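Here's the structure, in structure tokens; my notes come after.
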Amino acid sequence: MMNIADPKYLQYLRDLPSSYLLDLMVDNDDIDHRSLRYVLTERGFSHEEIDQKLARRRQSTWSRPYRLWSGARWLTIGNALIVTYFNLCGLYDLIGDDHAFKVPLLFLAFGSTLCGFFVGLKLTTHIYHGSQSMLYCGFPFPVGYVSLQTGEEIQRHSRIMTLNMALNALVGVSLTLFPLILIYVVLR
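At position 50 of the sequence shown the residue is numbered 40 (our numbering), and the sequence of numbers has no breaks.
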């Protein structure tokens, strides 16, 4: 349990958005509310405003952000699997077809694959509120975590981290190849 006298912890809290601080106060009873309130008052919130925002969050019918992100992760993984299958079938047909635009489409597919790796890199560096007390780095497959309670970075084993980075890159490639393969299938 941290307290307000720890300057390193306070600096860590100052780096977090106000919404994360409020979510921490609502979701965790065992966190240092005094330090969180101190940082929020530094940002110009009065104690009454903080209490109102906390009450609104507790009474809200909306799901917590980490639950929405969890659903988004699983939806993205499911969609990526379907789109990857579609892309593989479409590329297989394109390679075996004598279509008039076969060579340009293959060059575009290669370029889309390169762009997909850059999208995958961006997905790997995406930070979001992934669980009740953790920030995740890497979407949809996390490569690391940051504890919202202590500010500690938690890295995965290097093999798992590399595998998740590769999976994020494949999701990016699937997303960028899909429009091109869809155009080929429609034109065929």
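No residue lacks a Cβ here, since even glycine has one placed at the ideal position from N, Cα and C. Because the structure is a prediction, the values reported are computed rather than measured.
- The stretch 106 to 115 makes no contact with the stretch 89 to 98; the number of CB pairs closer than 8 Å stays below 3.
- When beta bridges are read from the DSSP output, M124 appears opposite S121, S137.
- Following the DSSP letters along the chain, one finds I144 inside the beta strand (DSSP E) bounded by residues 143 to 145.
- Going by beta carbons, I171 and F35 fall outside the 8 Å limit.
- In this structure, the beta-carbon distance from Y56 to S9 does not fall below 8 Å.
- In summary, I144 is exposed, with fewer than 16 beta-carbon neighbours lying within 10 Å of its beta-carbon over all protein chains present.
- In the three-state reduction of the DSSP assignment, T114 falls in the helix class.
- For the options K(-2), A159, V16, the alpha carbon positioned closest to that of S123 is the one of V16.
- Within the model, the alpha-carbon separation for Y135 versus D83 is close to 41 Å.
- Distances from the CA of D(-4) to each of N158, L26, L14, D20 were compared; the closest alpha carbon is that of L26.
- Taking a contact to require three or more Cβ pairs closer than 8 Å, the stretch 57 to 74 and the stretch 148 to 167 qualify as touching.
- Sixteen is the threshold: since fewer than 16 other Cβ atoms of the shown chains lie within 10 Å of the Cβ of I150, the residue is exposed.
- Distance from the CA atom of L138 to the CA atom of T51, rounded to whole angstroms, is 23 Å.
- Assignment of L6 by DSSP, reduced to helix, strand and coil, places it in the coil class.
- Taking F168 as the centre and dropping the five residues before and after it, the same chain places the C-beta of V73, F76, N77 closer than 8 Å to its C-beta, in chain order.
- In the three-state reduction of the DSSP assignment, T103 falls in the helix class, which pools H, G and I.
- In the structure shown, N69 falls within a helical segment according to DSSP collapsed to helix, strand and coil.
- Contact between L65 and V29 does not hold, since their C-beta atoms are separated by about 33 Å, which reaches or exceeds 8 Å.
- It is roughly 21 Å from the alpha-carbon of S148 to the alpha-carbon of G141.
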